[in-house]
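Sequences listed follow chains F and X, in order. Using my numbering, the first residue of the first sequence is number 73, and each one after it goes up by one. Using my numbering, the first residue of the second sequence is number 269, and each one after it goes up by one. Just so you know, even glycine gets a beta-carbon here, dropped at the ideal spot from N, CA and C.
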Amino acid sequence: MLEMKGIDKRFGAVVALNKASLTVQDGQIAALAGSNGSGKSTMVKVLAGLVAPNAGEIFIDGEKKIIHSGTDAARENIATAFQDLSLIPTMSVKDNILLGCEICTKSGMVDEKTSRKQVQELLDRFHIDCDPDDYVQTLMPSTQSMLEVAKAVFRKPKILLLDEVTASLHYDEIETLFGIMRELKAEGISMVYVTHRMNEIFEICDTITIMRSSETVISGQVSEFTLDDIIYYMTGSRPKHAKAKESDLSHLDDREVVVNVKDISVYPKVKDISMKAYKGEIVGIGGLEGQGQPEVIRAILGAVKPQSGSIEFMGKPVKFKDPAAGVKAGIGFISGDRNKEAIFDVRTIAENIFAGNSAKESLFAYLSARKVRQFSEDAVKKYNIKIGKLKDPASSLSGGNQQKLVVARWIAMNPNLLLLDDPTKGVDIHSRQEIHEILRECAANGMTIIISASDTEELLNISDRIYVFYEGKVAAELAGETKTAEHLVSAMMGVQESGGKEAAE
Amino acid sequence: MSNKTMTFNPNANKDIFSKINLFVQTHTALMALIIAVVLYVVTIIINPRGLNTVAIGNIILLTIILSIPAAGQTMVLIGGGMDFSVGAVMSSTAVLTTYTMRGENGHFITVLLLSLVIGAAVGLLNGVCCVKIGLPAMIVTMAISNIVTRMQYILTQGILSGKASPLFSASVKSKIFGVIPMIVIYAIIVWPIVFYLLKRSRFGKQLYMVGNNSGAARLNGVRVTKIQIMSYVFSGMLAAFAGMLGAAYMSTARCQIFDDYAYMSLIAVIIGGTTFAGGSGTYEGSIAGSLVMVLLSNLLTTLNPTQPVRNVLNAAILILLLVLYNRGKAVRQ
Ligand SMILES: Nc1ncnc2c1ncn2[C@@H]1O[C@H](COP(=O)(O)OP(=O)(O)OP(=O)(O)O)[C@@H](O)[C@H]1O
Ligand SMILES: [Mg+2]
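See the structure below:
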């Protein structure tokens with residue numbers, strides 16, 4: 073049994089934890105829920121030995137433990153999959169997994185053969201489709217997340233901490249992961265599971281602990297809670313059940329086509345994709361991992377060059393030579409892979425929010441400090457980003473707040489076309505709804521939005537129309553009647569059926 | 269209860285330590301200034317006669333000269349590169365200045381334009397080789413330094429020739445109120461330009477973005493290579509101008525006279541809080557760092573050790589400073 077009691081943590085003036093507590097029984101999966109910046113990751117890091125709390129105690133099986141470092145945590149058989157990943161991008165998959173627990177022969181040499189075999193077994197178990205010698209930086213975000221979990225599981229922990237590991241995972245990967253979690257549970261391993269996807273809590277967790285502004289507000293059996301209860305404890309208010317209103321698409325055909333992608337291919341993932349987006353429309357792109365969604369979005373932006381096919385933007389054929397050209401033409405891009413593609417971690421929060429503007433206008437024109445401050449203050453207010461000071465580095469923000477910052481950065485620039493690749497990764501349910509509302513509002517004012525999301529529910533909620541990609545082709549186009557979870561999932565799995573409109577037509 | 273205090277005592281210590289660490293990391297310019305003051309006080313204690321207007325004037329003058337290549341170095345480092353050619357560029361334009369002026373007044377504009385063109389050209393070459401072709405910055409800029417140095421010998425045959433114009437020399441060396449050297453006028457022109465570029469223009473914002481996370485900068489619509497190449501070009505031009513001022517200060521200039529400024533500017537900038545990793549650093553820090561470098565050499569002169577001892581001392585102090593400064597930040601709190 074694991075118990076954390078009265079944990080306090082301050083970062084300068086920011087209180088990250090205030091008498092927080094958590095209890096996990098052996099062989100149970102404990103959900104740790106709470107809005108962005110409520111202190112979940114900090115709790116996890118305290119257990120992992122990365123954050124030294126200012127006060128509090130940790131007990132394992134009734135015995136008081138002192139965890140000051142990663143080594144201490146490893147000694148207590150605690151392994152962690154971190155929200156912002158602990159993989160080293162420039163090392164191979166195999167070396168990352170074996171890091172710190174190399175398998176040696178009797179003579180003390182690294183046992184290459186056994187290592188390779190065990191790593192391969194691990195990858196197979198997690199359905200990770202890559203070579204053990206591939207560099208981690210070449211893997212897709214979701215594969216990296218899976219690998220992060222695999223790495224933790226490889227350490228044969230008694231206590232496994234999973235911090236938002238499903239944030240970038242797709243439908244099938246989550247199934248695999250849950251299968252493994254059930255196996256581990258049967259072996260008596262306790263798990264702490266942090267997530268913003270509420271359905272997962274009901275599916276896999278036994279108990280739930282909810283945090284709000286650095287404090288533990290309640291914990292109990294999952295079966296005692298409804299979704300509304302959870303949201304209530306997270307936010308302090310009961311959710312409104314206003315159904316997201318669908319945009320009126322009846323006159324779609326007389327509207328201006330903003331993006332017209334014709335038969336593009338991008339080696340190796342995208343084989344033949346055609347799609348259209350009309351002015352003021354929110355177009356979703358669905359599919360399992362690796363079906364070419366990110367490539368198509370980046371091809372529109374100008375970040376990758378398609379080998380064949382053409383792209384029209386605002387009625388004119390375009391061949392952007394780099395993203396700068398795309399941005400100049402009126403495109404904005406929001407990435408969910410924030411470490412790699414969005415966040416400037418050592419720069420201030422203000423500069424990060426202003427980054428879209430920084431990239432756009434003339435290089436040497438006078439830029440007043442007030443303008444930057446005003447711009448970022450507005451965004452912080454509008455998007456409810458939880459920050460210390462605007463001058464703090466972006467790395468001081470919690471994962472979800474970093475993501476909100478990235479979203480704010482581009483929406484505030486009001487581009488003609490907004491491209492979003494898994495934009496709400498790690499954003500809590502409440503803020504996610506707020507972002508959806510803002511996107512709806514932008515669309516109503518004429519912004520065209522193309523969004524790809526790993527979460528099928530989110531995709532269904534936000535999109536007017538969905539293109540489902542399968543093996544680099546459009547497997548189905550869902551709108552109106554056909555835009556249902558069943559259709560979406562079966563199209564994602566490549567099952568042809570009459571419900572979905574065929575792409576070829 | 270006593271158990272509890274026991275447990276968390278180390279944390280309390282850690283807290284103070286991390287606070288100091290945080291202070292050092294967030295107030296790097298101020299820290300450099302404090303170090304400068306300490307160095308100066310030590311120097312004066314060892315040699316009270318060092319406290320005179322001539323010495324102070326010299327410190328100001330040398331700091332300003334160093335602060336100019338340091339400005340370019342700051343930009344390049346922020347953008348994720350490194351420029352080892354500033355020394356060679358300075359030497360070249362210094363030689364060019366004396367060679368062209370030949371001790372006569374009136375060639376200033378010609379020399380200025382020529383120098384800036386040379387600086388920009390070297391910078392462009394550096395930029396293209398490092399950024400476009402992707403060769404390691406340290407090696408490229410050193411190799412280009414060698415070429416630039418060869419040019420000095422071709423121009424002068426290695427013979428000390430010419431002299432800076434008296435008027436130009438006076439505009440650098442003569443003292444206002446008997447203390448402050450006239451060179452501050454050049455600082456009043458150059459420093460604000462650098463501050464403007466780094467703090468008040470989108471070029472500066474983009475440079476920081478590029479250095480911090482070039483992939484993210486690109487997807488945000490920043491032309492990464494263009495910005496990085498521009499940082500090298502600015503660095504070349506600033507070094508070229510500093511070389512002219514150096515020539516005016518020295519009156520004559522032999523080949524390779526300012527080659528030391530390559531590593532001196534680099535260390536000054538690092539002491540001022542700019543990191544090798546790119547994406548962070550300020551010019552005020554680099555100016556303070558320049559002051560530290562000048563005062564350090566001043567202190568060593570005062571101690572007057574033999575040259576080898578001096579070199580060892582110099583290196584030891586610098587390593588100490590760099591270790592203090594660039595203590596890698598924890599990846600994660
Ligand atoms: N290194 C740090 N420096 C300063 N503040 C920090 C630091 N790490 C975390 N914080 C602050 O502590 C609070 C809790 O952060 P934490 O990462 O635990 O949130 P979280 O619950 O995991 O949120 P999310 O769902 O967005 O991941 C936030 O307000 C954050 O800004
Ligand atoms: Mg978190």
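### Task
Express the C-alpha separation of X/V440 and X/T321 in angstroms, rounding to a whole number.
16 Å
### Message
In whole angstroms, give me the CA-to-CA distance for F/G398 and X/A438.
### Response
About 53 Å.
### Message
Which residue wins for smallest C-alpha separation from X/L563, given the options X/M532, X/M477, X/K400, X/T574?
### Response
With distances taken between Cα atoms, X/L563 lies closest to X/M532.
### Query
Measuring CA to CA, which of X/R418, X/R491, X/A584, X/A556 is closest to X/Y308?
It is X/A556.
### Query
If you draw a straight line from the alpha carbon of F/I79 to that of F/S291, how long is it in whole angstroms?
16 Å
### Message
Please state the DSSP three-state secondary structure of F/R327.
### Response
coil
### Query
What span of residues does the beta strand (DSSP E) with F/F131 cover, start to end?
127-132
### Query
Can you pull the DSSP bridge partners for F/Q293?
Answer by DSSP bridge pairing, in chain order: F/T279.
### Task
Pull out every residue of the region 450-476 of chain X whose Cβ sits closer than 7 Å to any Cβ of chain F, in chain order.
R468, S469, R470, F471, K473, Q474, Y476
### At least three beta-carbon pairs within less than 8 Å, the region 373-382 of chain X to the region 523-537 of chain X
no
### Message
Closer than 8 Å to a non-hydrogen atom of ligand 2 - does that hold for the CB of F/K91?
### Response
no
### Query
Hey, F/G460 and F/N108 are a contact pair by Cβ (cut 8 Å); roughly how many whole angstroms apart?
Contact between F/G460 and F/N108 is ruled out by a C-beta separation of about 14 Å, above the 8 Å threshold.
### Query
Residue range of the beta strand (DSSP E) that F/A448 falls in?
Correcting the residue type first, residue 448 of chain F is Ser in the shown sequence and not Ala. From DSSP, F/S448 is part of no beta strand (DSSP E) but of the alpha helix (DSSP H) over 441-454.
### Query
F/E236: beta carbon under 8 Å from a heavy atom of ligand 1?
yes
### Message
Helix, strand or coil, according to DSSP, for F/L19 in the structure here?
### Response
This structure cannot settle anything about residue 19 of chain F, because the visible part of chain F is limited to 73 through 577.
### Message
On a Cα-Cα basis, can you pick out the residue from X/I346, X/N394, X/I328 that is closest to X/G446?
### Response
Comparing Cα-Cα distances from X/G446 to each of X/I346, X/N394, X/I328, the minimum goes to X/I328.
### Query
Can we say the region 468-478 of chain X touches the region 415-427 of chain F, given the rule of at least three CB pairs closer than 8 Å?
yes
### Task
Identify the contact partners of F/K432 in chain X, using a Cβ-Cβ distance below 7 Å as the criterion.
G489
### Query
Is it right to say F/D394 is buried, meaning 16 or more other beta carbons lie within 10 angstroms of its own, or is it exposed?
buried
### Task
Return yes when the C-beta of F/G471 is under 8 Å from any heavy atom of ligand 2, and no when it is not.
yes
### Query
Quick one: what's X/G489 bridged to in DSSP?
X/G489 is not bridged to any residue.
### Message
If distances are taken between C-alpha atoms only, which option among X/I495, X/N488, X/G355 comes closest to F/K400?
### Response
X/N488
### Query
Which first and last residues belong to the alpha helix (DSSP H) in which X/G340 is found?
321-346
### Message
Could you compute how far the alpha carbon of F/K343 sits from the alpha carbon of F/L170?
### Response
36 Å
### Query
Mind pulling the beta strand (DSSP E) runs of 3 or more residues that sit fully within the region 467-540 of chain F?
489-493, 520-524
### Query
Which chain X residues are close to F/P407, counting only those with a beta carbon under 9 Å from its beta carbon?
The question names Pro, but residue 407 of chain F is Ser in the sequence shown. Residues of chain X with a Cβ closer than 9 Å to the Cβ of F/S407 are, in chain order, A484, L487.
### Entirely enclosed alpha helix (DSSP H) segments - the region 494-574 of chain X, minimum 4 residues
529-539, 551-571
### Task
Specify the secondary structure class of X/R418 as computed by DSSP and reduced to three states.
helix
### Message
In whole angstroms, give me the CA-to-CA distance for F/P204 and F/A222.
### Response
13 Å
### Query
Should F/R410 go down as buried or exposed, given a rule of 16 or more other Cβ atoms within 10 Å for buried?
buried
### Message
With H, G and I counted as helix, E and B as strand and the rest as coil, what does DSSP make of X/A479?
### Response
According to the sequence shown, residue 479 of chain X is Gly rather than Ala. If DSSP states are grouped into helix, strand and coil, X/G479 belongs with the helices.
### Task
For the region 536-558 of chain X, enumerate the residues whose C-beta is nearer than 7 Å to any C-beta of chain F, in chain order.
Correct list: G547, S548.
### Message
Just to confirm my understanding: we take F/D494, look at its own chain, exclude 5 residues before and 5 after, and list those with CB closer than 7 Å. What are they?
### Response
S240, G408, S524, A525, S526
### Task
Would you tell me roughly how many angstroms separate the C-alpha atoms of F/V123 and F/P229, rounded to the nearest one?
Distance between the alpha carbons of F/V123 and F/P229: 20 Å.
### Message
With H, G and I counted as helix, E and B as strand and the rest as coil, what does DSSP make of F/D235?
### Response
strand
### Task
Using the Cα positions of F/M218 and F/V237, report the straight-line distance between them to the nearest angstrom.
7 Å
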